[in-house]
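**Student:**
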Amino acid sequence: MRIKQILNNNVALVKRGGHEIFVVSKGIGFKKQKGQLVRDEEVEKMYILDSFDMLDHFSYLLSHSDPNDIILINNIISYAEKELQFQASDYLSLTLLDHLEFLIKRVEKKQYIKSPLIWDVKRFYPKHFQVGIRALRMIEEQKGIQLPDDEAVSISLHFVNMEESKIAKQDKVSEMQILGDIISIIEKNFHVKLDENSTNFLRFTNHLQYFIQRVMKGELHNEGKDTLGLYQQVSQLYPAAFKAVQKIKVYIQSQFDSQISIDEETYLILHIRRVTERLEEEK
Numbered sequence: 001m002r003i004k005q006i007l008n009n010n011v012a013l014v015k016r017g018g019h020e021i022f023v024v025s026k027g028i029g030f031k032k033q034k035g036q037l038v039r040d041e042e043v044e045k046m047y048i049l050d051s052f053d054m055l056d057h058f059s060y061l062l063s064h065s066d067p068n069d070i071i072l073i074n075n076i077i078s079y080a081e082k083e084l085q086f087q088a089s090d091y092l093s094l095t096l097l098d099h100l101e102f103l104i105k106r107v108e109k110k111q112y113i114k115s116p117l118i119w120d121v122k123r124f125y126p127k128h129f130q131v132g133i134r135a136l137r138m139i140e141e142q143k144g145i146q147l148p149d150d151e152a153v154s155i156s157l158h159f160v161n162m163e164e165s166k167i168a169k170q171d172k173v174s175e176m177q178i179l180g181d182i183i184s185i186i187e188k189n190f191h192v193k194l195d196e197n198s199t200n201f202l203r204f205t206n207h208l209q210y211f212i213q214r215v216m217k218g219e220l221h222n223e224g225k226d227t228l229g230l231y232q233q234v235s236q237l238y239p240a241a242f243k244a245v246q247k248i249k250v251y252i253q254s255q256f257d258s259q260i261s262i263d264e265e266t267y268l269i270l271h272i273r274r275v276t277e278r279l280e281e282e283k
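Below is the structure:
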């Protein structure tokens, strides 16, 4: 394997045959230079992606990640593979690393989310939920923080998604149409064009896909009292995102005769804020 780019002290992008691969090797940024060869035995972890479109996204992520976080995610996945009896893709490793970064940033701001899906995940995917709980404990131990069990839900869903059968073709077409409509609402509300190649956009659309699937199945949830305080806080902190969510509420009501709960609104406000905050700063 020949080094194409050094991303940081421990991560490099290499060329192997016709593929570009991320490799993790302690101190590779000091020991090697662009163009040099790397032997397999020097590498601790490889990430092989099946899409060149994801290279920029994950190269940025890996170059800014704590090497200990990469090890932590690998340990979480190893545990999940053993408990759930499946083989994880490299893409899953990277999406979980992305998820961890977002989680830690929210913890620093004390933005804890009451998940509207916790009871459904506990009921229908108990093994996956326990993997999510174990992942939280591992994160807590390494980071020296405490996390509510609700945070296990989104981690669990990463593993559920690995095993779920694909959505029927017609449903997928409808899902993509709804996704496009919601993105359009946000862009018109903020008078911006979202960067579809950004890390935040990819994270946001991943969340929206779960939301849209719940809308299409009529599985939107009633709000819980525990979420009300956070909802009031983020509504005041991020008024533009709140306004966008009110427009999305009207859209969902008109298309599906469904009401978005405070839980769902809180999720959407936080994610819309994240996907638009850099664009707002540049205006």
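Note that the UniProt record's numbering has the sequence shown beginning at 1, numbered continuously upward. In this text, a Cβ means the ideal position worked out from N, Cα and C, and glycines have one as well.
#1: For the structure I just gave you, are there three or more beta carbon pairs, one from the segment 250-268 and one from the segment 143-162, closer than 8 Å?
#2: Quick check: what's the CA-CA separation for Leu97 versus Glu81?
#3: Decide yes or no for the touch test of the segment 182-198 against the segment 66-86: beta carbon pairs closer than 8 Å, at least 3 of them.
#4: Could you check what DSSP says for Met46 in three-state terms: helix, strand or coil?
#5: How about Gln36 and Ile3: do their beta carbons lie closer than 7 Å?
#6: Does the segment 234-247 come into contact with the segment 201-213, if we say contact requires no fewer than three beta-carbon pairs (one atom in each stretch) closer than 8 Å?
#7: What do you reckon, are the CB atoms on Val43 and Val11 nearer than 7 Å?
#8: For the beta strand (DSSP E) that contains Glu81, what are its first and last residues?
#9: Quick test of your reading: Tyr79 and Val131, contact by CB under 8 Å. State the CB separation rounded to the nearest angstrom.
#10: If you reduce the DSSP assignment to three classes, tell me which class Gln236 lands in.
#11: Start and end of the alpha helix (DSSP H) containing His64?
#12: Hey, would you say Asp90 sits closer than 7 Å to Ile48, going by beta carbons?
#13: Please report the distance separating the alpha-carbon of Arg39 from that of Asn8.
#14: Looking at the structure shown, is Gln209 part of a helix, part of a strand, or coil, going by DSSP?
#15: Find out if the Cβ-Cβ distance for the pair Arg273, Ala241 is shorter than 7 Å.
#16: How long is the line joining the alpha carbons of Lys122 and Leu157, rounded to whole angstroms?
#17: Do you know offhand how far Val14's Cα is from Tyr210's?
#18: Which two residues bound the contiguous beta strand (DSSP E) that contains Lys193?
#19: Less than 8 Å between C-beta atoms, sequence neighbours within five positions excluded: which residues of the same chain meet that for Met162?
#20: Could you give the first and the last residue of the continuous beta strand (DSSP E) run that contains Arg16?
#21: If we call anything under 7 Å between Cβ atoms a contact, is residue 285 one with Ile212?
#22: Under a Cβ-count criterion, where at least 16 other Cβ atoms within 10 Å of its own Cβ denotes burial, should Asn200 be classed as buried or exposed?
#23: Would you report the Cα separation of Asn189 and Gln253, rounded to the nearest angstrom?
#24: Measuring straight from C-alpha to C-alpha, what distance separates Ser165 and Lys32?
#25: With a 10 Å radius around its C-beta and 16 neighbouring C-beta atoms as the bar for buried, classify Val234 as buried or exposed.
#26: With a cut-off of 8 Å on the beta carbons, I'd call Leu208 and Gln111 a contact; round off their distance for me.
**Tutor:** Reading from the atomic positions:
#1: no
#2: Sequence index remark: in the sequence shown, residue 97 carries index 97 (1-based). Sequence index remark: in the sequence shown, residue 81 carries index 81 (1-based). Looking at the two C-alpha atoms, the distance is approximately 16 Å.
#3: no
#4: Counting from one through the sequence shown, the residue named residue 46 turns up at place 46. It is a strand residue.
#5: What you label residue 36 is simply residue 36 of the sequence shown in a count that begins at 1. What you label residue 3 is simply residue 3 of the sequence shown in a count that begins at 1. It is a contact, given that the beta carbons lie within the stated cut-off.
#6: no
#7: As a first step, residue 43 is located in the sequence shown; it is residue number 43 there, counting from the start. As a first step, residue 11 is located in the sequence shown; it is residue number 11 there, counting from the start. Cβ atoms of Val43 and Val11: not closer than 7 Å.
#8: Start at 1 with the first residue of the sequence shown, and residue 81 comes out as number 81. Counting along the chain, Glu81 falls outside any beta strand (DSSP E), though it belongs to the alpha helix (DSSP H) covering Pro67 to Leu84.
#9: For the purposes of this step, residue 79 is taken as the residue at position 79 of the sequence shown. For the purposes of this step, residue 131 is taken as the residue at position 131 of the sequence shown. About 7 Å separates the two Cβ atoms, so the contact holds.
#10: To locate residue 236, count along the sequence shown from 1; it is residue 236. Gln236 falls in the helix class under three-state DSSP.
#11: In the sequence shown, residue 64 corresponds to position 64, counting from 1. That residue, His64, is in no alpha helix (DSSP H); it is neither H nor E in DSSP.
#12: Taking the sequence shown and counting its residues from 1, one reaches residue 90 at position 90. Taking the sequence shown and counting its residues from 1, one reaches residue 48 at position 48. Yes.
#13: Counted from its first residue, the sequence shown places residue 39 at position 39. Counted from its first residue, the sequence shown places residue 8 at position 8. Each residue's alpha carbon lies about 18 Å from the other.
#14: As a working mapping, residue 209 is identified with position 209 in the sequence shown. Three-state result, Gln209: helix.
#15: Translated into positions along the sequence shown, residue 273 becomes position 273. Translated into positions along the sequence shown, residue 241 becomes position 241. Arg273 places its beta carbon less than 7 Å from that of Ala241.
#16: Walking along the sequence shown from the start, residue 122 turns up at place 122. Walking along the sequence shown from the start, residue 157 turns up at place 157. Rounded to whole angstroms, Lys122 to Leu157 spans 11 Å at the Cα level.
#17: Taking the sequence shown and counting its residues from 1, the one referred to as residue 14 is at position 14. Taking the sequence shown and counting its residues from 1, the one referred to as residue 210 is at position 210. Going from the Cα of Val14 to the Cα of Tyr210 covers about 34 Å.
#18: In the sequence shown, residue 193 corresponds to position 193, counting from 1. First-last for Lys193: undefined, no H or E at that position.
#19: Counting from one through the sequence shown, the residue named residue 162 turns up at place 162. Counting only Cβ-Cβ distances below 8 Å, and skipping sequence neighbours, we find Phe86, Ala88, Ser89 and Leu92.
#20: Residue mapping note: residue 16 aligns to position 16 of the sequence shown, counting from 1. Counting along the chain, the beta strand (DSSP E) containing Arg16 begins and ends at Val11 to Arg16.
#21: Shown here, the chain extends from 1 to 283; a query on residue 285 therefore has no answer.
#22: Working through the sequence shown from its first residue, we reach residue 200 at position 200. Buried, by the Cβ-count rule.
#23: Counting from one through the sequence shown, the residue named residue 189 turns up at place 189. Counting from one through the sequence shown, the residue named residue 253 turns up at place 253. Taking the straight line joining both Cα atoms gives about 18 Å.
#24: Residue mapping note: residue 165 aligns to position 165 of the sequence shown, counting from 1. Residue mapping note: residue 32 aligns to position 32 of the sequence shown, counting from 1. Caution is warranted here: a pLDDT of 40 is assigned to Ser165, below 50, making its placement in the model unreliable, and the coordinate value is therefore given only provisionally. Roughly 43 Å between the two C-alpha positions.
#25: The residue given as residue 234 occupies position 234 in the sequence shown. With 16 or more Cβ atoms within 10 Å of its Cβ, Val234 is classed as buried.
#26: Reading the sequence shown from its first residue, position 208 is the one you call residue 208. Reading the sequence shown from its first residue, position 111 is the one you call residue 111. Their Cβ separation, rounded to whole angstroms, is 19 Å, which puts Leu208 and Gln111 out of contact at 8 Å.
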